[in-house]
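Take a look at the structure set out below.
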């Protein structure tokens with residue numbers, strides 16, 4: 001059963017005063033009513049450790065003329081922010097600076113994510129809430145968060161409700177492919193962009209864009225294809241350099257996160273029985289067993305790695321069927337040059353997260 005079929009939809013943003021958090025909160029406040037049935041309302045709970053900043057953001061957003069209710073919470077009020085939530089979005093953490101990889105953020109952001117996980121376990125219904133992690137490094141922090149939640153909540157299958165957001169990778173792949181195919185005369189100018197499946201992880205070589213499975217993607221020269229793959233894998237570095245130390249990829253990440261959050265509304269309100277998307281998720285439960293039969297099939301293709309991003313279905317019970325066909329349709333180049341190094345790097349990222 002959908003969990004907010006008669007009540008308000010409540011979304012918490014943890015780290016709402018940061019670069020991603022502010023932009024994401026703005027999108028939720030201004031756009032979310034488009035996704036809601038007319039008789040339903042949304043509550044936006046904004047939390048940050050920076051009390052003055054989050055109070056300011058909440059006050060500022062509350063002046064915007066939509067029906068989304070905005071409340072700010074700070075410091076030790078995280079429990080109030082989380083109480084009764086349907087979706088928890090987590091952009092909290094330290095952003096990247098020039099010369100830093102996402103992995104450089106691990107130790108400090110792991111402490112933040114562990115603390116948040118403990119609060120979620122204490123204040124949220126773990127049979128109901130969807131937990132969407134944005135904080136980097138995703139490859140390691142999703143295992144950190146799942147491990148923390150499992151330790152606090154036996155018997156809930158909470159690993160099926162924690163979703164690492166890799167949407168930005170497919171957003172970039174779609175945008176860059178659109179740009180290149182128009183530039184090379186492979187398609188006319190238009191406002192329609194082709195979807196590109198992206199699997200693996202969310203850092204450098206662990207990002208595996210499957211351009212062969214996108215319209216026009218297989219029409220590119222090998223050199224153009226490899227340049228496109230490189231740009232998707234290291235697109236975050238491009239933004240960090242362009243901002244010259246003043247920030248990381250906040251605006252495009254907020255857009256990607258909003259798109260994902262909005263896709264959950266029909267599921268939460270009972271308009272749909274399932275939704276689809278690509279997420280970095282746990283493939284094994286707390287006992288080390290595959291979460292379902294499709295996860296078991298996938299594990300056989302990825303060296304038994306317990307976390308991986310792949311297209312999947314989500315129901316009110318969390319992660320459901322995983323689409324393993326995208327891996328089966330990979331080209332030789334994608335399998336040997338992209339997937340193989342991805343698996344090696346991803347194994348290290350997962351191991352680092354589980355060791356904390």
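Residue numbers (full-length UniProt numbering): 1 to 356.
Note that beta-carbon positions come from the ideal geometry of N, C-alpha and C, so glycine has one too.
Note that the structure is a prediction, hence the values are computed from the model and not measured.
- Judged by DSSP secondary structure, residue 74 falls within the beta strand (DSSP E) whose first and last residues are 69-74.
- Partner residues in the beta bridge of residue 10, as assigned by DSSP, are 43.
- For residue 94, the secondary structure class from DSSP, reduced to helix, strand or coil, is coil.
- The three-state secondary structure of residue 278, taken from DSSP, is strand.
- A direct Cα-Cα distance of roughly 17 angstroms separates residue 178 from residue 223.
- Residue environment analysis places residue 13 among the buried positions, since at least 16 neighbouring C-beta atoms fall within 10 angstroms of its C-beta.
- With fewer than 16 other beta carbons inside 10 angstroms of its own, residue 125 counts as exposed.
- By the neighbour-count criterion, in which a residue is buried when 16 or more other Cβ atoms sit within 10 angstroms of its Cβ, residue 107 is exposed.
- With respect to the 7 angstroms criterion, residue 346 and residue 166 are not classified as neighbours on the basis of their beta carbons.
- In the displayed model, residue 158 falls within a helix according to three-state DSSP.
- DSSP lists 276 as the beta-bridge partner residues of residue 313.
- A distance below 7 angstroms between beta-carbons, with the five flanking residues on each side excluded, links residue 319 to the following residues of its chain, in chain order: 160, 281, 291, 312.
- Boundaries of the beta strand (DSSP E) harbouring residue 209: 207-209, taken from the DSSP string.
- The secondary-structure analysis by DSSP pairs residue 308 across a beta bridge with 281.
- Under the criterion of beta carbons closer than 8 angstroms, residue 57 and residue 36 do not qualify as touching, at roughly 22 angstroms.
- Within the same chain, Cβ atoms closer than 7 angstroms to the Cβ of residue 247 are found at 19, 95, the five residues on either side in sequence being excluded.
- Counted as a single uninterrupted DSSP element, the stretch harbouring residue 328 is not any beta strand (DSSP E) but the alpha helix (DSSP H) occupying residues 325-328.
- When the alpha-carbon of residue 213 is set against those of 23, 327, 38, the nearest one is in 327.
- Taking C-beta separations shorter than 7 angstroms and ignoring five residues to either side along the sequence, the partners of residue 329 in its chain run 213, following chain order.
- Each of 187, 152, 119, 230 was checked against the Cα of residue 173, and the nearest Cα belongs to 230.
- When DSSP reads this structure, residue 264 sits in no beta bridge, so it has no partner.
- With contacts defined by Cβ atoms closer than 7 angstroms, residue 163 and residue 264 do not form a contacting pair.
- Of the other Cβ atoms in all chains shown, 16 or more fall within 10 Å of the Cβ of residue 137; this residue is therefore buried.
- Counting along the chain, residue 321 sits inside no alpha helix (DSSP H); it lies in the beta strand (DSSP E) bounded by residues 318-322.
- Taking a C-beta distance under 7 angstroms as the contact criterion, residue 50 and residue 16 do not qualify as a contact pair.
- Residue 130 sits in a strand when the DSSP states are folded into three classes.
- By the neighbour-count criterion, in which a residue is buried when 16 or more other Cβ atoms sit within 10 angstroms of its Cβ, residue 86 is buried.
- For residue 223, the three-state secondary structure derived from DSSP is helix.
- With contact defined as three or more Cβ pairs closer than 8 angstroms, the region 268-279 and the region 107-120 are not in contact.
- Look at residue 107 here: in three-state DSSP terms it is helix.
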